[in-house]
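Enquirer: If you're matching them up, the sequences are chains C and F in order. Under the numbering used here, the first sequence has 48 at position 48, and the numbering climbs by one with no breaks. Under the numbering used here, the second sequence has 324 at position 324, and the numbering climbs by one with no breaks. Note that the Cβ used here is the ideal one computed from N, Cα and C, for glycine as well. These numbers come from a predicted model, not from an experiment. My questions all concern the structure below.
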Amino acid sequence: MLNINKFKLRDYSNFVIYIMFILLLLLFSVLLFDKGFLTVNNLMNIAKQSATISIMAIGMTFVLCSGEIDLSIGSNVSLSALITTVLLRDYNIYIAILGGISIGALVGFINGLLVTKVKIPSFLATLGMMSILLGISRWISGLKSIPVTNKVYNFIFGIGRIGNISILLIWTIVALIIGQLVLKKTPFGRKVLATGGNKLAAIYTGIKVDRIKIETLMISGITASLAGMIYAGRLQGARYTLGGADLLTVIAATIIGGTSLFGGEGTVIGSVIGAFILGMVNNGLILLGLSIDQQIIARGFIIILAVSFSISED
Amino acid sequence: MVNLNSNDFIIEMLKINKTFIGVKVLSDVDLNLVKGEIHGLVGQNGAGKSTLIKILNGVYTSDSGKIIINGKLIDDNENYLNPKQYAISTVFQEFSLIPSLTVGENVFLGIEPTKGFLTDDKYIERETKKILNELKMGEDIDPKEKIKNLGISYCQIVEIAKSLAQKGEILIFDEPTAALSYKETELLFEVMKRLKNKGISIIFISHYLDDIFKICDRVTVLRDGRNVFTDYVKNTKLNDVIKALVGYNTYENNYFKRKKIDKSSNPLLEIKYLKNDTANKLKDIKLNVYKGEIVGVAGLLGSGKTEMLNSIYGFDKKCDKLLKLDGKKIKINSISDARKNGIALIPEDRKKQGLILNFSIRDNILLSILDKLMNFLFFINDTNGNKIVNNLVQKLKIKLENIDQKIKYLSGGNQQKVIIAKTIITNPRVLLLDDPTTGIDIKSKEDIFKIIYDFTQAGNGVILVSSELSELIKYCTRILILKQGSIKNEIDCSGIEKNINEEELLELI
C-alpha cells in the first residue's frame with residue numbers, strides 16, 4: 001500500500017510535521033486543560049524554553065543539508081557563554097557580544113578546515129572538537145559559574161519583553177525568517193542543498209563545495225554561540241554545564257522537522273517546529289506530573305515516534 | 001559455421017530473447033561453449049554482451065529460450081540461474097576483492113574452512129598456495145599478502161584463483177585486459193592457457209580484437225542483440241569480425257553538413273601541452289580546436305579519454321598543462337577557473353556527476369548561474385530564472401510536465417538535455433563532452449547533436465569523446481585516436497561528406 005501511494009506520500013510528508021504539531025497541541029490542550037496548558041503564560045514559557053534549541057536547530061539544518069554534521073554545538077554553547085560573561089564582567093557589552101559570536105564562528109571555521117582540508121569526516125572532527133571545547137570551558141571557569149549582572153544584557157538575551165512577548169520568541173522568529181530565506185531563496189542556500197544532494201555533480205557544476213561546507217559549519221558555530229549567550233542572559237550567569245544535553249535534542253528537532261541526515265533536503269521552518277514539538281512535549285510531561293525519570297523515558301519514545309513519521313523512505 | 005554436436009558443449013544457449021521496457025536487447029541469440037575452449041565474445045556498446053552474460057550469472061532471466069549446461073536443461077525461465085550450482089564464475093572488470101584482506105582470505109571468502117569455531121588459516125594458506133602453483137604463480141604471489149599491496153594484474157590472478165577455489169569450471173572474463181599493460185596481458189594469457197589445459201572453459205569478452213585473435217579458439221560477434229557471426233578463429237580474418245561488428249547500415253544524411261573549417265586564424269582553444277602522471281597516464285597531448293569545430297576523440301577503455309577532459313577542465317588538478325584561448329594564455333587550476341574562461345564539461349555519468357537528483361528540473365538548470373541571478377536583496381530572482389528555464393526547455397525540446405518536477409522522474413535523454421541546458425546557459429566557448437549519448441534513445445541523440453551543432457555554428461568549439469564510432473564519424477570535423485595517453489592518429493573529415501568508415505576507424509583504435 002505504501003508503494004502504490006508513494007507519490008502522494010512524498011508530498012504529504014512535507015506537511016506531516018505541521019499535522020504532528022497541531023495534533024500534539026490539541027492532545028495536550030484537552031488532556032491538560034485544567035492544568036493550564038493552554039494559558040498564554042504557559043505557551044510563552046514553551047516558546048522561551050525552545051528558543052535555544054530552535055536557534056541551534058537552524059544552524060544544524062544548514063550543516064545537515066550540506067551533507068555534514070556538527071557535534072560540537074553543545075560544548076560550543078558553554079564556551080561561548082563563559083567567554084561572553086567574562087568579557088561582560090571585564091569590558092563592556094559590545095565586546096562581550098562580539099567576542100561570543102566570534103568564538104562560535106572561529107570554532108565553526110576550524111571544524112570546516114578539519115573537514116575539508118584535513119579530510120576528517122565531520123562526525124569525528126566535531127566529536128573531537130566537542131571534547132576540546134568542554135575541557136577549555138572547565139579550565140577557564142574553574143568549574144564555577146560566572147554571574148551576569150549587566151541589566152541591558154539580561155534584557156536583550158533573556159528576560160526582556162516587548163509588550164507581552166518574550167524577547168526570546170523574537171530572537172527565534174528573527175532567526176527563523178533569516179534562516180528560511182537564506183536556505184530557500186539565496187544562491188548560497190541553493191548551493192548548500194546541491195552540495196549535500198550530490199557533491200560530485202556540484203563540483204562539476206563549478207560550486208566550491210569546500211567553501212560551502214566551511215560556511216555551513218560556521219553558521220552552526222554562530223547559532224551555537226548565540227544560544228550560549230541566550231542561556232547566559234536567561235539564567236543570568238554561565239557555567240561549563242550549559243548546553244551539555246542539547247546536542248541530541250537539536251539533532252532530533254532537525255530530523256523531526258524533515259531534514260535528511262544524508263544531506264540535500266531540509267527546511268529551517270521544519271526544524272524550528274521540531275524544536276517546538278520537543279519543547280511542548282517537555283512541558284506537557286511535566287504538567288502531567290510525571291517524575292523526571294518517567295519524563296526522560298517518555299521523551300525518548302516520543303522522539304522515536306516523531307522521527308518515524310517524518311523520515312520519508314526512499 | 002562449423003559442425004559441432006550438442007555433446008561437445010558445456011553451455012548451450014538457444015534462441016535467447018530479452019526485452020527491457022519495450023526495447024529488445026537480445027533476439028534469438030545462440031551461444032555455445034565447447035568444453036575446454038576459449039570463446040571470444042565481441043560487440044559494440046549496447047550489442048547485448050553484458051545482458052547475455054548477466055543471464056548466465058543469474059542477474060537477469062531470459063524472456064524465452066533454452067539454456068543447457070553440462071547436458072542439463074534449465075527450462076524454467078522464471079527462475080534466476082544459480083551460477084554456483086553450475087560452476088560458473090565471472091572475473092569482473094572491477095575486481096570483487098576486498099583490499100584489506102589477504103590473498104588467501106579473499107580466495108576462500110564465503111567458503112572459509114573451519115576448525116572448531118575458528119577459520120582454518122593454515123588450510124587456507126596451503127590450498128591457496130596449491131591453486132597459485134597450478135597457475136604457476138606460486139612464486140610471485142604470497143597467500144599472506146594483502147590485496148591492497150598487489151598490482152592490478154596480480155589481483156586478476158587472485159580473482160581467477162578465487163573462481164577455482166569456488167570450484168568454477170566455466171569462467172567468464174569481462175574485459176580483463178582493458179586495464180592491463182602489454183606485459184600484464186601476456187601474463188594473463190599464459191594463465192588462461194593453463195586453465196584451458198586443465199579443461200576449464202572460458203568465455204572471453206573484449207573490445208581488443210588483437211587479443212581475441214591471440215587467445216581464442218572461437219569467436220562470436222553480437223550486433224544489435226543478434227548473433228551475427230560465430231566461427232573458429234583460425235578460419236577467420238580480422239576483417240570478417242570487423243564487418244560483422246559494424247554491419248552494413250549506412251547513415252542517412254540530415255541537416256548536418258560538415259563545413260570546411262577556417263584554420264587561418266588563431267585556434268579557439270590551443271592545448272600546447274598536457275601531461276598527467278596519475279592513474280591513467282596522459283603523455284604530452286597537443287591539440288587545437290578551431291571555431292565551429294567538433295573534434296572527436298576515439299579510444300579504448302583506459303586510453304585516457306575521460307582523464308584528458310577532466311585535466312583540461314581543472315577537475316583533475318595533478319596535471320601539467322599550457323592552454324591558450326583565442327591566442328591568450330589561460331590558467332586553469334580549478335573548475336571555477338575553467339568556467340570563468342568559458343570552458344565547460346558535460347561529465348560521463350549523468351546521475352552521479354551531472355544532476356542533483358532530488359532537485360527540480362528548474363533548480364538543476366539554474367544551478368550553474370545562481371550568482372548571476374542574485375538580486376539586490378541577495379535572493380535568487382525567480383521570475384528571471386523561470387523565464388530562462390522555460391526558454392531553454394522549449395529550445396532544447398525537453399519533455400516534462402512542469403519545470404518544478406523532480407529531475408529523477410525524467411527519461412535519460414531528457415535528463416541529458418537538462419545537463420546540456422545548464423551548461424550552455426553559462427555561455428561557454430569550448431564544450432567538453434564525455435560520452436554524452438550513452439544509454440539514451442535515438443531521437444534524443446539527434447536532438448542533442450543538433451544543439452551541439454548549433455552551438456559550434458555560433459563560433460564555439462567542441463571536444464567530443466565518444467565510444468560510439470558511428471557518432472564520431474557522423475558529426476566530427478576531425479577525429480583523434482587516443483592510445484595509452486597519447487594521440488596516435490588524426491583524421492580530418494572537414495569539408496567532406498564522409499571519408500572514413502567504422503571499419504577503418506576500428507582498425508586504427
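Lys-318 (chain F) CB to nearest chain C CB: under 7 Å?
Expert: No, Lys-318 (chain F) does not count as interfacial toward chain C.
Enquirer: Quick check on DSSP: helix, strand or coil for Val-158 (chain F)?
Expert: Helix at Val-158 (chain F).
Enquirer: Suppose the cutoff is 7 Å on Cβ atoms and the five residues either side in sequence are ignored; what does the same chain contact list for Asn-5 (chain C) look like?
Expert: Bear in mind that a pLDDT of 38 at Asn-5 (chain C), under 50, signals an unreliable position, so the model cannot answer this.
Enquirer: For a quick check, are the C-beta atoms of Ile-16 (chain F) and Leu-26 (chain F) less than 7 Å apart?
Expert: Yes; because the gap between Cβ atoms is below 7 Å, this pair is in contact.
Enquirer: Could you spell out where the beta strand (DSSP E) holding Gly-65 (chain F) opens and where it closes?
Expert: First-last of the beta strand (DSSP E) with Gly-65 (chain F): 64-69.
Enquirer: So, with DSSP's three-state summary, where would you put Glu-270 (chain F)?
Expert: Reduced to three states, the DSSP call for Glu-270 (chain F) is strand.
Enquirer: Can you check which of these residues, F:Gly-354, F:Leu-377, F:Lys-144 and F:Met-137, is closest to Lys-122 (chain F) by C-alpha distance?
Expert: Lys-122 (chain F) has its Cα closest to that of F:Lys-144, out of F:Gly-354, F:Leu-377, F:Lys-144 and F:Met-137.
Enquirer: Which residues, in order along the stretch 342-366 of chain F, keep a beta-carbon less than 9 Å from a beta-carbon of chain C?
Expert: Taking 9 Å as the Cβ-Cβ cut-off against chain C, the residues of the stretch 342-366 of chain F that qualify are Ala-344, Leu-345, Ile-346, Pro-347, Asp-349, Lys-351, Lys-352, Gln-353, Gly-354, Leu-355, Ile-356, Leu-357, Asn-358, Phe-359, Asp-363, Asn-364 and Leu-366.
Enquirer: Starting from the C-beta of Asn-150 (chain C), find all residues in its chain whose C-beta is less than 7 Å away, skip the five residues before and the five after it, and write them out in chain order.
Expert: Leu-88 and Ile-93, listed in sequence order.
Enquirer: Is the beta carbon of Ser-360 (chain F) sitting closer than 7 Å to the one on Lys-406 (chain F)?
Expert: In this structure, Lys-406 (chain F) lies closer than 7 Å to Ser-360 (chain F) by Cβ.
Enquirer: In chain F, which residues lie less than 9 Å from Tyr-94 (chain C) when you measure between Cβ atoms?
Expert: Going along chain F, no residue has its Cβ under 9 Å from Tyr-94 (chain C), so there is no contact; the nearest lies around 26 Å.
Enquirer: Keeping to the same chain, check which residues put their C-beta closer than 6 Å to that of Gly-412 (chain F); ignore five residues upstream and five downstream.
Expert: Result list for Gly-412 (chain F): Gly-439 and Ile-440, in chain order.
Enquirer: Name the DSSP bridge partner or partners of Ile-330 (chain F)?
Expert: Ile-330 (chain F) pairs with F:Leu-323.
Enquirer: Kindly say whether Pro-147 (chain C), judged by its beta-carbon, lies nearer than 7 Å to any beta-carbon of chain F.
Expert: Pro-147 (chain C) does not count as touching chain F.
Enquirer: Would you decide whether Asp-174 (chain F) is buried or exposed? Buried here means 16 or more other CB atoms lie within 10 Å of its CB.
Expert: Asp-174 (chain F) comes out buried.
Enquirer: I need the straight-line Cα distance from Ala-275 (chain C) to Ala-252 (chain C), nearest angstrom please.
Expert: Their backbone Cα atoms lie some 8 Å apart in a straight line.
Enquirer: Closer than 6 Å: is that where the CB of Val-16 (chain C) sits relative to any heavy atom of the ligand ZN?
Expert: The ligand ZN is absent from the structure shown, which contains no ligand whatsoever.
Enquirer: Answer with buried or exposed for Arg-429 (chain F), where buried requires no fewer than 16 other C-beta atoms within 10 angstroms of its C-beta.
Expert: Arg-429 (chain F) is buried by the Cβ-count criterion.
Enquirer: Below 8 Å on C-beta distance, what does Met-374 (chain F) contact in chain C?
Expert: Residues of chain C passing the Cβ test: Thr-186 and Pro-187.
Enquirer: If you follow the beta strand (DSSP E) that Asp-224 (chain F) is in, where does it begin and where does it stop?
Expert: Per DSSP, Asp-224 (chain F) belongs to no beta strand (DSSP E) and is neither H nor E.
Enquirer: List the residues of chain F that Leu-247 (chain C) touches, going by C-beta distances under 8 Å, in chain order.
Expert: Per Cβ cutoff of 8 Å: no residues; Leu-247 (chain C) is ~27 Å from chain F at best.
Enquirer: Identify the residues that DSSP records as bridge partners of Pro-147 (chain C): which are they?
Expert: Answer is C:Gly-237.
Enquirer: What separation, rounded to the nearest whole angstrom, lies between the Cα atoms of Glu-502 (chain F) and Glu-471 (chain F)?
Expert: C-alpha separation (whole angstroms): 10 Å.
Enquirer: Taking 8 Å as the limit between beta carbons, can you name the residues of its chain near Ile-212 (chain F), skipping five residues before and five after?
Expert: Counting only Cβ-Cβ distances below 8 Å, and skipping sequence neighbours, we find Gly-40, Val-42, Phe-204, Ser-206, Val-219, Val-233 and Val-241.
Enquirer: Output yes or no for whether 7 Å exceeds the beta carbon distance between Leu-322 (chain F) and Tyr-290 (chain F).
Expert: Contact: no.
Enquirer: Return the chain-ordered list of same chain residues with a C-beta closer than 6 Å to the C-beta of Met-287 (chain F), the five sequence neighbours on each side being excluded.
Expert: Just to set this straight, residue 287 (chain F) is Leu in the shown sequence, not Met. The answer, listed in chain order, is Ile-271.
Enquirer: Find the residues of chain F that neighbour Leu-200 (chain C), judging by a C-beta separation of less than 7 Å, and give them in chain order.
Expert: Chain F residues near Leu-200 (chain C): Lys-352 and Gln-353.
Enquirer: If you follow the alpha helix (DSSP H) that Asn-390 (chain F) is in, where does it begin and where does it stop?
Expert: Looking at the DSSP string, the run of the alpha helix (DSSP H) that includes Asn-390 (chain F) is 382-395.
Enquirer: My guess is that Leu-269 (chain F) and Leu-325 (chain F) are in contact by the Cβ rule of under 8 Å, so how many angstroms apart are they, rounded?
Expert: Contact flag correct, Cβ pair sits at about 6 Å.
Enquirer: Please confirm if Thr-216 (chain C) has its CB atom under 7 Å from at least one CB of chain F.
Expert: Not an interface residue.
Enquirer: Could you compute how far the alpha carbon of Asp-492 (chain F) sits from the alpha carbon of Arg-478 (chain F)?
Expert: Roughly 5 Å separates the two Cα atoms.
Enquirer: Does Ser-411 (chain F) have its Cβ less than 7 Å from a Cβ in chain C?
Expert: So, not an interface residue.
Enquirer: Quick check on DSSP: helix, strand or coil for Lys-35 (chain C)?
Expert: The answer is helix: DSSP assigns Lys-35 (chain C) an H, G or I state.
Enquirer: Just checking: is the beta-carbon of Arg-218 (chain F) within a distance shorter than 7 Å of some beta-carbon in chain C?
Expert: Cβ-Cβ to chain C under 7 Å: no for Arg-218 (chain F).
Enquirer: Is Val-77 (chain C) buried or exposed, if buried means 16 or more other CB atoms sit within 10 Å of its CB?
Expert: Counting Cβ neighbours within 10 Å, Val-77 (chain C) comes out buried, since at least 16 surround it.
Enquirer: Ala-298 (chain F) by DSSP, collapsed to three states: which one?
Expert: DSSP places Ala-298 (chain F) in strand when its eight states are reduced to three.
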